[in-house]
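For the sequence shown, the working numbering puts the final residue at 918, and the numbers step up evenly by one. One structure is given here, and the rest of the page talks about it.
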Amino acid sequence: MPALIDITGQRFGRLVVLRVGKKGRKGIHRKWLCQCDCGNFKETRCSNLRSGSVTSCGCVRKKWLRIRKHGDAMRTNGKPAVEYLAWNNMRDRCENPKNVGFKYYGGRGIVVCERWSKYENFLADMGRKPSPKHSLDRIDVDQNYFKENCRWATRDEQNNNRRKFGSLAHFTDAELLIECRKRGLIHATSESSDGVRAAESCTHSLQVRTISRLRSEHGKRRRGGALPSVQSVSA
Numbered sequence: 684m685p686a687l688i689d690i691t692g693q694r695f696g697r698l699v700v701l702r703v704g705k706k707g708r709k710g711i712h713r714k715w716l717c718q719c720d721c722g723n724f725k726e727t728r729c730s731n732l733r734s735g736s737v738t739s740c741g742c743v744r745k746k747w748l749r750i751r752k753h754g755d756a757m758r759t760n761g762k763p764a765v766e767y768l769a770w771n772n773m774r775d776r777c778e779n780p781k782n783v784g785f786k787y788y789g790g791r792g793i794v795v796c797e798r799w800s801k802y803e804n805f806l807a808d809m810g811r812k813p814s815p816k817h818s819l820d821r822i823d824v825d826q827n828y829f830k831e832n833c834r835w836a837t838r839d840e841q842n843n844n845r846r847k848f849g850s851l852a853h854f855t856d857a858e859l860l861i862e863c864r865k866r867g868l869i870h871a872t873s874e875s876s877d878g879v880r881a882a883e884s885c886t887h888s889l890q891v892r893t894i895s896r897l898r899s900e901h902g903k904r905r906r907g908g909a910l911p912s913v914q915s916v917s918a
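Dropping the structure here:
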């Protein structure tokens, strides 16, 4: 067993070593009793002191956490809150061109609302995640990040949402025309109050041309482009 190195009286950061403390659990590694500049006492191993991994009783970290308004960027367990990670990742996707997903978000014109530039506002609007299975989701994937368009959703809910708003291939022809009118992608010169009748009253050739173009342009949009409007559809 190596000889005990006496470090009594030595200073390590905010800690001054007072004397040898208790033995470790296995009776091999002794701890040293130290006093912090704040007045508190702490026992720790010599290796922790000499390596610099322990430099205070913990008061510096606690003070730093109190300075932050929310404390979610770095909690006492050393990890950020999951809501903070979601907020940070959201902004990075939209604002950092070096992010691998930027072309699908910021590169497509998707932005974060000004209110959510502060994490406190994001947390106030969205609240905490209901469960570890939930993540941040936009209700309309073609719209920006703001309170009314965002929610905490499970993977299944997000997949259903992508089918509803994102993948035009999942619509029937009539549903596609109606949905595109709702989203302002088609501007009809005349429509009845019944959207289904309006879609059904289109001539077959016009439907084929319109739907073919929309599905083709949707493929471009999925690769980073924008889905343009079809300027006019006659009922």
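A virtual CB, placed ideally from N, CA and C, is assigned to each residue, including glycine.
Going by other Cβ atoms of all chains shown within 10 Å of its Cβ, with 16 needed for buried, is E797 buried or exposed? exposed
Residue of L716, L687, F785 and C833 minimising C-alpha distance to V824: C833
Extent of the continuous alpha helix (DSSP H) to which F805 belongs: Y802 to M809
Please confirm whether C740 and K762 have their CB atoms less than 8 Å apart. no
Helix, strand or coil at V743 according to DSSP, with G and I counted as helix: helix
Best match in Y767, G784, D720 and C717 for proximity to R811 [C-alpha to C-alpha]: Y767
Give me whichever residues DSSP pairs with K714 in a beta bridge. R728
Rounding to the nearest angstrom, what Cα-Cα distance links V765 and G722 in this structure? 34 Å
Reducing DSSP to helix, strand and coil, say where Y788 ends up. coil
Looking at C-alpha atoms only, which residue of Q841, R733 and F805 is the closest neighbour of K816? Per the Cα distances, Q841.
Using only alpha-carbon positions, find the residue among F829, C719, R713 and D689 that is nearest to V699. C719
Within 10 angstroms of the Cβ of L819, are there 16 or more other Cβ atoms? Answer buried if so, exposed if not. buried
Since R821 contacts Y828 with CB under 8 Å, what's their CB separation in whole angstroms? 7 Å
Taking the beta strand (DSSP E) that D820 belongs to, which residues open and close that run? S818 to R821
Once you ignore the five residues that flank C729 on each side, which residues in its own chain have a CB closer than 7 Å to its CB? Excluding residues up to 5 positions away in sequence, I688, I690 and W715 lie with their Cβ nearer than 7 Å to the Cβ of C729 in the same chain.
I'd like the list of long-range same chain contacts for S876, defined as Cβ closer than 6 Å, with 5 residues on each side in sequence excluded. With a pLDDT of only 47 at S876, under the threshold of 50, the placement of this residue in the model should not be trusted; the figure read from the coordinates follows. None.
Inter-residue Cα distance where the pair is Q826 and W799: 15 Å
Relative to the C-alpha of D755, which residue among R791, L806, V794 and Q693 is closest? Among R791, L806, V794 and Q693, the Cα nearest to that of D755 is on L806.
Which of the three DSSP states is assigned to V699 in this structure? strand
Could you check where the alpha helix (DSSP H) with R798 kicks off and where it finishes? Careful: R798 lies outside any alpha helix (DSSP H) and carries neither H nor E.
Using the C-alpha atoms, what's the distance from R697 back to N843? 55 Å
Taking the beta carbon of G784 as the centre, do at least 16 other beta carbons fall within 10 Å, making it buried, or is it exposed? exposed
So for K830, helix, strand or coil by DSSP? helix
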